[in-house]
Structure formats: structure tokens, C-alpha cells
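What the sequence shown shows, in the working numbering, is residues 32 to 771, in sequence order.
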Amino acid sequence: MNLICKLGMLGALGSAGSFLSQQGRAADAAPPSEDALTTIVVTAEKKEEKLQDVPMSITALGGKALDNLQYRSFSDYAAMVPGLSLTSAQPGYTNLTLRGQNAGGVGSTVAVYLDESPFGSSSALLNGSILSGDFDTWDLQRVEVLRGPQGTLYGANSEGGLLKFVTAPPVLGVFSGAAEVSGEITGGTAGGEIRGVVNLPLGDKVALRVGGFTQDAPGYIDDPSRNKEDINGGHKYGGRVSLLAQPIDTLSIRLTASSQQSRYAGTPQVDIDPVTLRPTEGDLKQVRIIGQPSTFQYKNYNATINWDAGPFSILSTTSYGILNSDAITDDTNAQLAPGLTLQDFAALLLGLPDTGGYLDNLVDLKKFTQEVRVSSPTTNFIEWQVGAYFTREQGHLYQHVNLMSLPSGVPIGALPPLQFAVLDSIYKETSGFGNVTVHIIPQFDIQAGGRYSKNEQVASENISGILANPPQVFSTPSSGHVWTYSVAPRWHINADNMLYFRWATGYRPGGPNALPPVAPPDVPRQYGADRTAKLELGIKSTLLDGLLSIDASVFHVDWTNIQLLEIVDNNGINGNGGKAKSQGFEWTIGYVPVHGLTLQWTGAYTDAKLTTDAPAVHGVSGDRLPYAPKWGTSLDAEYMGAAFADYKYFVGTTWSYVGARSTDFGSDVTQLLQVGLPSYNTYGARVGLDNDRWRWTLYGKNLSDSRGITAYGSSGAPGLNGEIAVTQPLTVGVTLSTKF
């Protein structure tokens, strides 16, 4: 089964070496060394706090370091985040997994935010698990990754965790900017990008920030059957405009519009033997009847008003997001039933030999969100926060399966589509939440919170074509509600060491299955919410006058009523079944052993597996959850020293390891069992000059030119190839940047 379209079947300012933010220090701590690791402030709990003071497992990736390392997408920086794994069939289609919480369902288990705006679908009707919102990292303050359930403050789809892009805001009274130009070569193919941003003061009370980028991504996959080279090359561009007004000291208003678009001529998939995983057409090659172009568009508009009223502060945030994707895939060898491919169906049942088919899969999402929060000021005894949340999503999923002649790939215009399915959905959610922190003594406090969420949904489907004659139109409603909560005591052992415990829950909403009235009664008309509950014990320490930082945690997560993509009586549905657990430990260690040398070591051990059978997907108790490596780790080292004039030189290297994984569970159509995928290593390096205004960098990615597998797919039909997506091959580039 094609890697991209398989889910569409439903319904039919530190140096680059200081990459990870380090813990801050308490006000009464001794002054840190001049080489001390960087302190960073995060907004994980919807308020500004030092990372060291937040009682949960968080990674914050600084925006400047992301720029310096040329890390622009999920695939670039995922290895630097303990417990984060990716399943990526191509850019634009990426399944984010934290602590192994992935069972192949269609809804996302990791929420994605752009500042105060939730982005992407909350339901499991629009391929939310793979349309994750992979925003470019240009002009960001940081990327925050919160591991474990975040249901109290962030609600739906954060049962595995949260990834938040925090953009750089306008700065009042300052004219500044930055620009960057770069070029790189991947497998002999050139690419490049241009980026820029400017901050404009408009008087003393207003500032405007405007930034943008354009990027040509080199391709590296060839299709010898069509004499096409570098077919997966693409173009990505976007920008952001943000206006900040502060008419009085206690009131700020920020208006932001963001846009990003990308298009690719093909996919980065390699044809392989599904058993041996070895290429069948040669290294970095695939054979397709037609091209497989794709486009992705993200737009987001947000207005945030923050008023400090004295005894309390009020924040209102209003968002409107748009997500569009359109992808064409060659489905000639897709299985319609066990042992029956689309090509077989056309020949045997339609009397059309030499006939294949392709799928045009289009997703359109429009999402309105409103949230209001009221918060107390910071005190020595009690702090509180209460809020209300509302969202309305309108989604459209269009799937056209069209017939084409073989081997030309020309559509057969005289025939109607094999299937034309349109799934319209509406998702509405209303929530109320609260959080309180009680400081029992100066060194010890307890945080507790809860959230009540209620959703209403309607799924309407219209199916026509050769496989649906006469056409079918039907609609299914659903509703649901859920409580989530968290408790987190923390103990500041001293100014530099904090110990915390956290118990938290999260959920992914249930919803309707759009089914025709004639569907057998044993096919579920709706599916329920699944839930997670986490226990976590962690420590955050800053030692050796700030030269050593340690952030470590152990965790256990129970996952119940798991949402699964199932085939029941030839109907593709969302269902529930089975339980799972994930447990392990994670660490982030930063160290400056000598002046100028910075080391960062991150890693995780994650044991994620089913604890009961899940027969609908051929899962057995003890099976590992898909694409969840037991071990993952990354080590970054950078040395910086004086060069000439006011310039410093730097040289750095990064090593990342992704452990062995298992693929998705099977289905009654493919009859597949999980396949084991091997571990892989990647290496990167950089060298350059920097004087805080100009920076020149020569960099390399995947220097060992490894073929790490990031996704696997197979139709399951005997004698047919499978396909894998692999890491980007050896890439070398140069970047020149300036700021003013």
C-alpha cells in the first residue's frame, strides 16, 4: 500500500553548540561562570517560566541555534529531542510520535501549536496524524517540545505531548533585521534558499516585523522507467507579518499572519523487496507509471490581547487556520481486497486489461479557535489560572480514484472515476480549564489542574463512481465529553536542583464513522476517545557554576481504548481496541569542560508495546508500537575560539542514532504482520567564522550517506515490490548570514 495514501483510505542567541536550552538559576544562586550554559524562558504552562522551574519533561530548541545548524524541518531536529520519533513518507506528510504513542490511527496524538494557535485537525477524519504542520524554523524564538499528556492546558490530541513553534515577536523602539543566503548539494543536485526579516519601529508604541523565505529543495530519487531524475525536488516559500501595539504599559495587542506553501514533483520513496528491504530498481530509485506531485499550504491568522489588570491578567487569543494538501499517487498495485489489486480488478471484473489507476487525495481544513485566560500574579503562596476554549473545524476530504492506460499513464476519460468520495466533517469543541499552584513552603509547592471538554461532530459522505453505483449519500453525528487532570508536586532542593513528580492525563477525541445505511450492523457507527495517564519523576540540576546541566526523568504511560484504523466488512473505519504502555527514561546533559567547548548529549530509552491483543489490526500483546525505537540518542560538540580581528572560528559535529523499530500493524486487506526496521546512524559537521554581525558556515549533513528508513509500505500482494522512504543522502552546503 502506498506510504502516502494509506491513511487516505478512511471513508473509502547562544552558539550552535548550545543547541538545547539549558536550565536557569535561582535568584539566590551564586553568579555563574562566564562559560555557563544559556538560560531560557519557556511558555509550556501558558505563562513565562525558566525551563528549570517547570515540573515536566521539556526540550526547548533555540531559534538561533536552529538557524546556525540549518535545521529547518522536523526531520532535521527530531533526533535532538529525547523520545521524539518520526514516520515520514515525504515532506508534508509526517507522523509525530512522543514516547512511542503511535498505533497507526488517523488522528494525531501530538498537538502542534504556532504561538497561541492550535494547528491541524482535532478529529480523526482528515488525516491529522500525518498532516502535522511542519513549519519552517526561520525567525523563531524557539521550538518547545512537551513530552507526555498535556490534556489540562492544551486539550484534544495532546495525549502524547505537544510541539509548539514560538515565533519572534516585534520589538518596540528598535530597527533591526537579518538576512541569509545559502546553497547546498545533495547527491549531485543543487538547491538553495534566501531568507530575510526586518523589525520596524512605528513610533514608541507600535512595531512591525516582516519576514520571509524561499527555498529550492534538491531531489535525489530517480525513475528510470520514465527517464526522470531527481523527481522528489521541490520548492517551499513563506512569510510572516506581525504587528505589536502597546498603547499603555499594561496592555499589548499582537496581530500576526503566517503563510507557508510547498510543492514537490515526486516522492522520496525507494522500491524494495518487502522481505529483505533491499532496493529492487537500484539505489535511490523507484518505478511509477505517472508522476506523483504534491502541494501543501499552511495559513494562520492570530490576534492576541494581553491586559494586566493588577489583581489579575486577562489574555484573549483568536485564531483562524487553513491547511490544504493535495497529492497524487500511483495506486495500480494497491490492494482492494486480499490478493486483488486495482490492476487485477480492472482486468478481471471490468474487462479492461492494461489498466491501472491513480488516487488524487485532497484535504481542506478551516479552523477557528477562541481562548480566554485569566491569571493571578506571581505570589509567594498561591497562583491560579482559569480559562475557556472554543474551536470549530470544517473539513473536506476528496478522494478520486481514476483509471489510466498502461504503460502510458494516460487517464481513461471515457470512463467515470473508479471511486469519487467526498467526506465533509464539522468538529466543535467547548472546554473549561483551571490550574492552581500552592506554595506550601518556599522550597516546596504543589500544582494541580483539570479540564472538561465537550465535542460535537458530524461526518457526511458522498460516494459515486464505478464502485458506488448508484451513488451513496449519508451522514453520521456523534458527541463526546471527557475530563483530564494533572498533579505535580515539586521540591527545590536548593537554588540549583529541583525534583518533581507529575501525574497527568490526556485524550484524543472520538467521533463518527460515515457509513452507508446498508453497512452491516457489526460495523461501528462511531468510535470513542482514547486516553493516556502518565506518571513521571524527574530532576533538573545546574552544577559547577553553570557549566553542567542535567535534565533527566523516568516515566510510565498507560494508553487505553486505543484508536485504530480498521477494515470491518470491507468498510474503512476508525475503531477502538487494545491497551498499551510506554515506559522508560530520558536525559539531556549539557557540559562546558573547557573554555570554548560545549557538549550536548540527549537520549531516551522507550519500551512501548501492546498490553492486550488488538485483533482488528493483527496486534498481539507484547508487540512493539509502530516506529518507536527503544533507544535513541544524539551528541553535539562545538568548539569556538578567537580567529582574527573581531571574528571567532567555530567547528562542530553531531552524531545521532535511531534504534531498531517495527512498522505499522496489519489489516484484513494487506494481511501483513509488522516488519522490523534496522537502526541507523547519521553524522553532521560544520565549520565557519562569526563576529556577531556576519556569519559564514560550511556544513555537511548525513556525512556517512546512510539510508535510514523513515517509513515503510507494502501492498501485501505476492510478487510486488514494497517501498521505503529514507533519510536525505549526503548533503554539503554553505551559508552566509548577517544581522543589523
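Built from N, CA and C at the ideal position, the CB exists for glycine as well.
- HIS626 is classed as exposed because its beta carbon has fewer than 16 other beta carbons within 10 Å across all chains shown.
- Judged by DSSP in its simplified three-state form, MET111 adopts helix.
- In the DSSP secondary-structure assignment, ALA419 is bridged to VAL403 and GLY463.
- GLY541 and GLN557 have their C-alpha atoms some 7 Å from each other.
- The three-state secondary structure of PRO657, taken from DSSP, is coil.
- In the displayed model, ASP677 falls within coil according to three-state DSSP, outside both helix and strand.
- In this structure, ARG717 and GLY683 form a Cβ contact; the two beta carbons are roughly 5 Å apart against a cut-off of 8 Å.
- Spanning the alpha carbons of LEU396 and TYR351 requires a straight line of approximately 10 Å.
- Within a 10 Å sphere around the beta-carbon of TRP590 sit 16 or more other beta-carbons, which makes this residue buried.
- About 11 Å separates the Cβ atoms of TYR622 and LEU666, ruling out a contact at the 8 Å cut-off.
- Restricting attention to beta strand (DSSP E) runs no shorter than 3 residues, the stretch 289-350 encloses them at 300-303 and 325-339, ordered along the chain.
- LEU194: member of the beta strand (DSSP E) spanning 192-198, first to last residue.
- Annotation: the continuous alpha helix (DSSP H) that includes GLY94 extends over 94-99.
- When GLY753, TYR678, TYR730 and MET671 are compared, the shortest CA-CA separation from VAL706 is found for GLY753.
- In the three-state reduction of the DSSP assignment, SER580 falls in the strand class.
- For TRP522, the pairing in a beta bridge is given by DSSP as PHE475 and LEU530.
- Taking a 10 Å sphere around the C-beta of GLY559, we find 16 or more other C-beta atoms and assign the residue as buried.
- Under the three-state reduction of DSSP, ARG285 is assigned to strand.
- In the DSSP assignment, the residues bridged to PHE616 are VAL585 and TYR636.
- In the three-state scheme derived from DSSP, where H, G and I count as helix and E and B as strand, SER439 is classed as coil.
- Here LEU184 is actually not in contact with TYR144; their C-beta atoms are around 11 Å apart, not less than 8 Å.
- Looking from the CA of VAL112, the closest CA among LEU751, GLU617 and SER693 belongs to GLU617.
- By the neighbour-count definition (other C-beta atoms within 10 Å, threshold 16), TRP169 is a buried residue.
- Residues of the same chain with a CB within less than 7 Å of the CB of LEU568, apart from the 5 flanking positions on each side, are PHE532, SER584 and VAL585 in chain order.
- Taking C-beta atoms as the reference points, ASN188 and PHE206 fail to come closer than 8 Å.
- Exclusion of the five residues before and after PRO255 leaves GLU312, GLY313, LYS316 and VAL318 as the residues of its chain whose Cβ lies within less than 8 Å of its Cβ.
- For GLY603, there is no enclosing alpha helix (DSSP H); the enclosing beta strand (DSSP E) covers residues 602-607.
- The beta carbons of LEU275 and PRO201 sit about 4 Å from each other, so the pair counts as a contact at 8 Å.
- Taking a cut-off of 8 Å for Cβ pairs, the stretch 329-340 and the stretch 370-382 do not touch, as fewer than three such pairs fall below it.
- Residue pairing by DSSP places PHE412 in no beta bridge whatsoever.
- Membership of TYR714 in the beta strand (DSSP E) is indicated by the continuous run 711-721.
- Going by C-alpha positions, ALA368 is about 15 Å away from VAL432.
- For THR363, no beta strand (DSSP E) segment is defined, and its DSSP state is neither H nor E.
- Between ARG726 and GLU190, the C-beta gap is not smaller than 8 Å, which leaves the two residues out of contact.
- Sixteen is the threshold: since fewer than 16 other Cβ atoms of the shown chains lie within 10 Å of the Cβ of SER735, the residue is exposed.
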